[in-house]
Amino acid sequence: MALIGKDISSAKTFLEKGELVGIPTETVYGLAGNALDPEAVALIFETKNRPGFDPLILHTSSTDKVADFITSFPEALKTLAGHFWPGPLTLLLPRKEIVPDLVTSGLDRVAVRVPNHLLTLALLEALPFPLAAPSANPFGYISPTRPSHVEDQLGEKIPYILDGGPCTVGLESTIVGLEDGEVVVYRLGGLEISEIERLVGPVRIKDHSSSNPAAPGQLESHYAPRKPFVLGDLKQMIEGKKAKGLDFAVLSFSETFDGLERDRQIALSPDRNLHEAAKNLFAAMRQLDESPATVILAELMPEIGLGKAINDRLRRAAAK
Ligand code: TXA
Ligand code: MG
């Protein structure tokens with residue numbers, strides 16, 4: 001079983017031995033290994049049961065350190081890094097040879113980010129190498145936002161989980177790159193598009209659907225609970241399920257429903273705050289997935305700000 005603690009030197013020792021450690025970030029927990037050690041990177045893929053064509057994000061403690069792994073830093077992306085690192089932004093940049101092929105799945109760009117979590121920044125500062133870290137969940141399942149989520153699913157397979165408490169953002173980083181001088185967003189995430197556009201002007205959102213193996217985080221079915229997860233109008237769906245006598249659970253934006261047991265419903269933000277909803281989303285999906293209900297009914301958020309990224313996750317959870 002994994003030890004859970006706040007001891008950076010234990011985490012460092014395991015990582016230096018080529019082992020994997022669960023690390024906290026502001027977005028979700030990561031399953032981290034030495035990004036420059038192909039064996040440690042291979043172990044990440046094996047532990048997550050992740051297909052090798054799905055590349056990993058390299059984490060460092062500063063923008064300066066990123067220079068060791070890339071051949072150039074286009075101005076627009078540098079501007080974004082300057083404003084949002086440390087933070088929920090991942091940049092795709094032309095990679096140097098030193099980055100193992102396994103990290104990038106052979107692509108010529110490497111994904112890099114400086115996460116905003118004090119424990120992990122201190123760990124990265126202490127380590128002589130960057131960390132490759134996908135979300136610490138089995139491939140395709142809901143991302144972890146608490147140490148216990150990592151422990152439940154990967155606890156048997158890794159020696160240590162660095163306990164940084166619940167994640168403050170709760171959605172994965174927004175992934176951004178440059179194509180022919182145009183800023184492109186490849187994954188909606190914890191950094192809002194409007195924040196990016198404020199600095200670099202209009203961006204293109206690349207809608208990767210079902211079968212694009214170049215960005216499988218964008219596979220249509222992803223972030224998925226095991227139970228059927230159905231999106232729609234909650235009131236209507238609740239009536240329908242009640243009429244059929246089915247045991248269901250409800251995930252709403254803000255509303256709670258009369259006549260439904262407390263453990264069968266979660267409102268993501270009673271105050272209708274999208275940041276709060278994002279922060280609670282994955283823990284709520286897990287909790288309902290573990291409840292005795294046989295189906296989870298959910299509704300979309302308003303399609304503004306972080307609501308877009310939350311809806312992206314909800315749609316993928318429902319696409320099975
Ligand atoms: O917030 C996050 O980004 C979290 C924390 C732990 O940092 N990490 C995370 O990693 O979400 P992961 O592996 O679950 O998702 C990374 C996504 C994948 O969809 C992958 O396809 C894409 O980033 N990606 C990574 N490297 C890439 C590359 N070189 N080119 C295109 N896409 C890339
Ligand atoms: Mg993931």
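Anchor point for the sequence shown: position 306 equals 306 in the UniProt record's numbering, and the numbering is continuous, going up by one each time. The beta-carbon is built from N, C-alpha and C at its ideal position, and this holds for glycine as well.
{"Item": "Just to confirm the assignment: which complete alpha helix (DSSP H) runs, minimum length 4, are found wholly within the segment 35-90?", "Value": "38-48, 63-66 and 75-84"}
{"Item": "DSSP on Phe257, reduced to helix/strand/coil?", "Value": "coil"}
{"Item": "Measuring only the C-alpha atoms, how far is Pro216 from Pro134?", "Value": "Residue placement at Pro216 cannot be trusted, given a pLDDT of 47 that sits under 50; the coordinates are not used to answer."}
{"Item": "From the DSSP output, in three-state form, read off Ser252 for me.", "Value": "strand"}
{"Item": "Please report how far the alpha carbon of Asp101 lies from the alpha carbon of Ser9, in whole angstroms.", "Value": "29 Å"}
{"Item": "Does DSSP put Ile193 in a helix, in a strand, or in coil?", "Value": "helix"}
{"Item": "I want to know whether the segment 191-203 touches the segment 51-64 - three or more CB-CB distances under 8 Å.", "Value": "no"}
{"Item": "Can you determine whether any heavy atom of the ligand MG sits closer than 6 Å to the C-beta of Pro144, and answer yes or no?", "Value": "no"}
{"Item": "Any heavy atom of the ligand TXA within a distance shorter than 6 Å of the CB on Gly30?", "Value": "yes"}
{"Item": "Reducing DSSP to helix, strand and coil, say where Gln236 ends up.", "Value": "helix"}
{"Item": "Where in the segment 117-195 do unbroken runs of the alpha helix (DSSP H), each at least 4 residues long, occur, reported from the N-terminal end onward?", "Value": "118-126 and 147-154"}
{"Item": "So for Ile266, helix, strand or coil by DSSP?", "Value": "strand"}
{"Item": "With a threshold of 16 other CB atoms inside 10 Å of the CB of Ala309, please say whether the residue is buried or exposed.", "Value": "buried"}
{"Item": "Hey, would you say Leu178 sits closer than 7 Å to Leu77, going by beta carbons?", "Value": "yes"}
{"Item": "Just to confirm, does Thr90 get its C-beta within under 6 Å of one of the non-hydrogen atoms of the ligand TXA?", "Value": "yes"}
{"Item": "Distance, Cα to Cα, Ile44 vs Ala249?", "Value": "33 Å"}
{"Item": "Buried or exposed: which applies to Phe257, given that a residue is buried once 16 or more other Cβ atoms fall within 10 Å of its Cβ?", "Value": "exposed"}
{"Item": "In angstroms with no decimal places, state the Cα-to-Cα distance between Pro24 and Leu260.", "Value": "34 Å"}
{"Item": "If the criterion is Cβ atoms closer than 7 Å, does the pair Ala40 and Gly18 meet it?", "Value": "yes"}
{"Item": "Work out the CA separation of Leu246 and Ile196 for me, nearest whole Å.", "Value": "44 Å"}
{"Item": "Looking only at its own chain, which residues have a Cβ that is under 8 Å from the Cβ of Ala132, when we skip the five neighbours before and after it?", "Value": "Ala32, Gly33, Asn34, Ala35, Ala40, Val41, Ile44, Leu56, Ile57, Leu58, His59 and Val103"}
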